[in-house]
Ligand code: FAD
C-alpha cells in the first residue's frame, strides 16, 4: 500500500481552502497540509469582502452626518482621515489573519508559507523545491484582477491596490461596471474623492435584474458619481501628477488615479495542472463535476478557481462539502441554486433568484413592485428611493426572484432568501403580517402585480 505524507494537501489559504482543511483535519481526523503564498485568509479577508465592507462603513458617515444635522444634531465633520483609517484597517486584517492561522493550528493542519505547484496526481512541489505527497490534492487558489496590458503599462491600479493607497487621490476614474467597480465608486465618492466611472456596456451590473441596475445607476449619479455607460478608454498617458485618459466619446480628461475593475481570472497559471491532465476551461478555470472533482480523480478544486459563483460563502460551502464527502463518509453536493448576494453600493442591492428578464423568458410571470422614499432619508430631505420587487411564476405562484435596492438590502435579502429557497408562493408572503414601520414591510404588502410578462 502506498503511504503518503498527507491525506490531503490544500493549495491556497483562502475561504474555500481554509474551510476544507479545517473540516478535513479537525472534524474528520485527516492529516492535512496547506500552502499559502501570500497572507492567510485569501481574497475575502485580505483584499476583498472584509476590507471592502469596512471601507463601506467608513464612507457612509458623510451622509450619516449630514442626515444627523437634518434630525437636529449639531455635528461638525473635519473631513475623512484616510491614514488613520488605514492604520486601523491594517491592524484589523492582521488580527483576522492571526485568527485564521490559529484555527488551522487548532485543527492540526501543517501550514507551509509559500507557493505550491502540482507535480503529479499525488505530489505537490513547495516553494523551497521539496516535494510532498498526498492521497488527495485540493486546488483552492482563487482568482486575481485582470488588467489589459495597456492599462498595466499606464500604471492603472487594480482593486488590490486600493487597500494599499498611501493617501486618497483627489480624483479617480474607475473603469468597469461590475459589482467591484460600482462598490468602489460609491466608497470613494463617500470618502470625498471625485469619482468618474466608465463602462463600455449599456448598463452597469450586467447579470442583475434590469430595473435594479437602472435604479442603482440613477442613485450613483444622484450622489455625484460621474457615470458614463457605453464608454471605454482608448488611450492613457502620464500627465503631471495624474493620467490623461482619452475615451470612445472623443473626450480627454486627467485623473489623479485610474482604477481598472474589468474582471477577474482564475489563478491557474504555472500551477502544473495541464501537465498532469487536469482539464481547464476557456478562461483557465478548473473544470469540476458536482463533487468538485477534476478530470484527475485525486485532484479536486473549489471556489473562484472553478469560476462558478465567485462569492465567499460559495467557496466555503464547496470546501466544506468536499471535506465531508472525501473524509467524512458523508457525500455532500454543493447546491448552487438560489444563492443570495448583495452589492454594497449606496443604496445596496440585494438579490436572490431569477431576474425579471430571465424568468419571463422561461414562462409567464407576474411582477410585484414598490418604489418609495425611505422614511429616514425622506425626513432628512434626501431624494434617495428604494425599490422592492418580487418575480412570481404565474402558474405555480412560486416567488422566483426577489430584488431589493435600499439601505441594508444585503441584510434583508439574506432573510428573504430563506422562504424563497423553501419554495414560498406569493400567497405565503401575503399571509405574513408586516412589521411596521420598516422598509421591508413592502415585501408582504404588495397586492397587485404592476405587470405580467
Ligand atoms: P481566495 O480567497 O482568492 O484564496 C485563494 C488563495 O490561494 C489566496 O490567498 C492566494 O494567495 C493563494 N494562492 C494562489 N495560488 C497559490 C499557489 N500556487 N500556492 C499557494 N497559494 C496560492 N464575495 C462575497 O461573498 N461578498 C463580497 O462582498 C465580496 N466582495 C469582494 C470584493 C472584492 C474587491 C473582491 C476582489 C472579491 C470579493 N468577493 C466577495 C469575492 C470573494 O472574495 C471570493 O469569492 C472568495 O475569496 C473566493 O475564495 P477562494 O478560496 O476561492 O479564493
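In the numbering used here, the protein residues as written are 80 to 532.
Glycine is no exception: its CB is placed at the ideal position from the N, C-alpha and C atoms.
It should be emphasised that the depicted structure is a prediction, and the values quoted were computed from it without experimental measurement.
Which one of 284, 265 and 277 has the shortest CA to CA distance from residue 299? When C-alpha distances from residue 299 are compared across 284, 265 and 277, the shortest belongs to 265.
Just to check my reading of the structure: residue 393 and residue 418 have Cβ atoms closer than 8 Å, yes? What is that Cβ distance to the nearest angstrom? 6 Å
Consider the C-beta atom of residue 90 and the heavy atoms of ligand 1; say whether any pair is separated by less than 7 Å. yes
Assign residue 150 to one of two classes, buried (16 or more other C-beta atoms within 10 Å of its C-beta) or exposed (fewer than that). exposed
For residue 337 and residue 445, I'd like the C-alpha separation in whole angstroms. Whole-angstrom Cα-Cα distance: 43 Å.
For residue 350, which residues in the same chain have their Cβ closer than 8 Å to its Cβ, ignoring the five residues on either side in sequence? 90, 196, 197, 218 and 220
Counting contacts by CB-CB distance shorter than 8 Å, is residue 417 in contact with chain E? Among the chains in the structure shown there is no chain E, since it carries only a single protein chain.
Which complete beta strand (DSSP E) runs does the segment 315–339 hold, if anything under 3 residues is left out? 321–326, 331–334 and 336–339
Alpha carbon of residue 379 to alpha carbon of residue 373, nearest angstrom: 5 Å
Mind checking whether the beta-carbon of residue 495 lies closer than 7 Å to any heavy atom of ligand 1? no
Taking the Cβ atom as the reference point for each residue, do residue 238 and residue 332 lie within a distance shorter than 8 Å? no
Of the residues 303, 362 and 256, the one placed nearest residue 274, counting alpha carbons only: 303
Taking just the CA atoms, how far does residue 262 sit from residue 454? 24 Å
Between which two residues does the alpha helix (DSSP H) containing residue 493 stretch? 488–501
Residues of its chain near residue 294, where Cβ-Cβ distance is below 6 Å and the 5 sequence neighbours each way are ignored: 466 and 484
Closest Cα partner of residue 335 within the set 310, 248, 278 and 511: Of the listed residues, the one whose Cα sits closest to residue 335 is 248.
Residue 126 CB to nearest heavy atom of ligand 1 below 7 Å: With a cutoff of 7 Å, residue 126 counts as near ligand 1, since its C-beta is closer than that to a heavy atom of the ligand.
Three or more C-beta pairs under 8 Å: does that hold for the segment 110–119 against the segment 180–191? yes
DSSP three-state label for residue 387, please. If DSSP states are grouped into helix, strand and coil, residue 387 belongs with coil.
Taking only three categories from DSSP, how would you classify residue 136? helix
For residue 472 and residue 442, believed in contact at Cβ under 8 Å, the rounded distance: 7 Å
Within 7 Å: the Cβ of residue 121 and any heavy atom of ligand 1? yes
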